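A quick write-up on the structure given underneath.
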Amino acid sequence: SQKDEHYLIGVSQCSEDEWRTQMNKEITREALFYPQAEVKIKTAKDDNRKQIEDIKEFIREGVDLLVVAPNEANAITPVIEEAFDAGIPVVLVDRKIHSSKYTAYVGADNYEIGRQAGMYIANRLHGKGQIVEITGLKGSTPAVERHRGMMESLAETPDIKIIAKADAKWFQQDAEKAVDSILPQHKQIDLIFAQNDRMAIGAYRSAARQGRTKDIAFVGIDAVWSEGYGVDRVAAGELDATFIYPTGGDRVMQVAMAILQGKPYARDTNLSTALVNRSNARIMQMQTEHILRLDQKIEILDNQLDAYFLRYSAQRMFLYACIII
Ligand code: FRU
């Protein structure tokens, strides 16, 4: 029946930032291809308690499927288990939980990204140097996995030493503050690796204020393409490199619909990463701008279709009215 074909999908995002905005846009754009789906997005603004509330509200509303990017694994695991046990399929995106009670995961392999970053650092410094690591929110799984991956690959280059570390919770300002106090303590720093670009940009700003950007390379993760973000800062020569952390909102929506419609789907959808440095940053910007224009056309077409249907049904009503009279 018509009723059975309506699917309510609740998306619970842990944070609100450009990376997540991109993902949310991809989800809603992909949803245009599934007229039977309705998507509601809530954002917890990095607050575990708010996210638990958001998810509980979705459960009360009777969502047919939950998409969750869990802020911190420990705190968010129980409420996800609750939803899963109540029979609501759960698609985890980007961050994970400490339980196997979820239906599917869509995201990149953060351990692998950390490993690739480690290899890049080792090459960049020719196997020798002093580095600083700025980590993301302690209890979020990408922070843990990126660190493990990086340590694993740096284990092969014992002459690369991590001389300072700070947890900046994924935030630019926290990174800036942390680096403000780290820099004066260490005369020789060859590279600052931040687990996301926002923190890498914060580190760069701090170093710029202290006149230390010349001898330090800044490496991040995310590669958001819009102005002022990762790729743009690499192209500008502020960041030395970044790694693509794909948002994959379209894939999230496809997996969600496959689950709801009883079609085959992968429990694990692994989105791949790639290095962005000075040699390919501009190309990436150009390609993304091109894709963006195509995306906008899809939206324009969708609006036009809506307008046609509206006109069509109005004309049909008019015709019926004429016949009856
Ligand atoms: C965005 C973000 C990214 C980071 C990811 C980790 O909210 O902080 O910068 O790569 O989350 O989950």
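First residue of the sequence shown: 3, per this note's numbering; consecutive thereafter.
Ideal placement from N, C-alpha and C gives every residue a C-beta, glycine not left out.
The structure presented is a predicted model; accordingly, all values stated were derived computationally and were not measured.
Are there any heavy atoms of ligand 1 lying less than 7 Å away from the beta-carbon of residue i, as far as the coordinates show?
{"i": "Ser155", "result": "no"}
{"i": "Ile223", "result": "yes"}
{"i": "Pro144", "result": "yes"}
{"i": "Asp96", "result": "yes"}
{"i": "Arg235", "result": "no"}
{"i": "Asn125", "result": "no"}
Specify, as a first and last residue, the run of the alpha helix (DSSP H) that residue i falls within.
{"i": "Ala219", "result": "Taken as a continuous stretch (DSSP letters only), Ala219 belongs to no alpha helix (DSSP H), being part of the beta strand (DSSP E) at 219–221."}
{"i": "Gly251", "result": "251–262"}
{"i": "Asp308", "result": "283–326"}
{"i": "Tyr206", "result": "199–211"}
{"i": "Ala166", "result": "Taken as a continuous stretch (DSSP letters only), Ala166 belongs to no alpha helix (DSSP H), being part of the beta strand (DSSP E) at 162–169."}
Which one of the options has the shortest CA to CA distance from residue i?
{"i": "Asp176", "options": "His188, Met153, Arg200", "result": "Arg200"}
{"i": "Tyr267", "options": "Ala258, Ser274, Leu273, Ser208", "result": "Ala258"}
{"i": "Thr79", "options": "Trp21, Gly222, Lys98", "result": "Lys98"}
{"i": "Ile11", "options": "Glu18, Glu32, Glu20, Ser155", "result": "Glu32"}
{"i": "Ala220", "options": "Trp227, Arg207, Val146, Arg211", "result": "Before going on, a small fix: residue 220 reads as Phe here, not Ala. Of Trp227, Arg207, Val146, Arg211, the residue nearest in Cα terms is Arg207."}
{"i": "Lys171", "options": "Tyr322, Ile136, Val92", "result": "Ile136"}
{"i": "Ile223", "options": "Ala260, Tyr122, Asn305", "result": "Tyr122"}
{"i": "Glu291", "options": "Val233, Ile90, Tyr247, Arg22", "result": "Val233"}
{"i": "Pro37", "options": "Asp308, Arg126, Ala157, Ala323", "result": "Asp308"}
{"i": "Thr159", "options": "Tyr247, Ser17, Gln287, Lys130", "result": "Lys130"}
{"i": "Ser155", "options": "Gln174, Asn125, Asp169, Val181", "result": "Asn125"}
Taking just the CA atoms, how far does residue j sit from residue i?
{"i": "Gln4", "j": "Met255", "result": "Its pLDDT being 45, under 50, Gln4 is placed unreliably in this model, and the value from its coordinates should be taken loosely. Spanning the two alpha carbons is a distance of roughly 21 Å."}
{"i": "Glu55", "j": "Val81", "result": "9 Å"}
{"i": "Ser281", "j": "Ala238", "result": "11 Å"}
{"i": "Ala39", "j": "Thr105", "result": "18 Å"}
{"i": "Gly141", "j": "Asp111", "result": "17 Å"}
{"i": "Ile115", "j": "Gly250", "result": "16 Å"}
{"i": "Tyr9", "j": "Arg62", "result": "15 Å"}
{"i": "Arg318", "j": "Thr244", "result": "55 Å"}
{"i": "Ser183", "j": "Leu294", "result": "40 Å"}
{"i": "Gly264", "j": "Thr30", "result": "21 Å"}
{"i": "Ala299", "j": "Gln118", "result": "Strictly speaking, residue 299 in this sequence is Lys, with Ala absent from that position. For Lys299 and Gln118, the distance between alpha carbons rounds to 36 Å."}
{"i": "Gln306", "j": "Tyr314", "result": "12 Å"}
{"i": "Ser14", "j": "Phe320", "result": "44 Å"}
{"i": "Ile261", "j": "Thr215", "result": "49 Å"}
{"i": "Ser274", "j": "Pro144", "result": "15 Å"}
{"i": "Phe86", "j": "Lys52", "result": "19 Å"}
{"i": "Glu18", "j": "Ala166", "result": "28 Å"}
{"i": "Pro248", "j": "Trp227", "result": "11 Å"}
{"i": "Asp96", "j": "Leu312", "result": "39 Å"}
{"i": "His188", "j": "Asp217", "result": "12 Å"}
{"i": "Val181", "j": "Met153", "result": "21 Å"}
{"i": "Ile43", "j": "Cys16", "result": "11 Å"}
Flag this pair as yes or no: are the beta carbons of residue i and residue j separated by less than 8 Å?
{"i": "Ile57", "j": "Ile133", "result": "no"}
{"i": "Tyr310", "j": "Glu20", "result": "no"}
{"i": "Ala209", "j": "Leu241", "result": "no"}
{"i": "Lys103", "j": "Glu74", "result": "no"}
{"i": "Gly138", "j": "Gln197", "result": "yes"}
{"i": "Glu178", "j": "Gly204", "result": "yes"}
{"i": "Leu94", "j": "Tyr113", "result": "no"}
{"i": "Leu127", "j": "Pro91", "result": "no"}
Which residues bound the beta strand (DSSP E) around residue i?
{"i": "Phe245", "result": "243–245"}
{"i": "Leu127", "result": "Taken as a continuous stretch (DSSP letters only), Leu127 belongs to no beta strand (DSSP E), as it is neither H nor E."}
{"i": "Asn279", "result": "277–279"}
{"i": "Lys44", "result": "39–45"}
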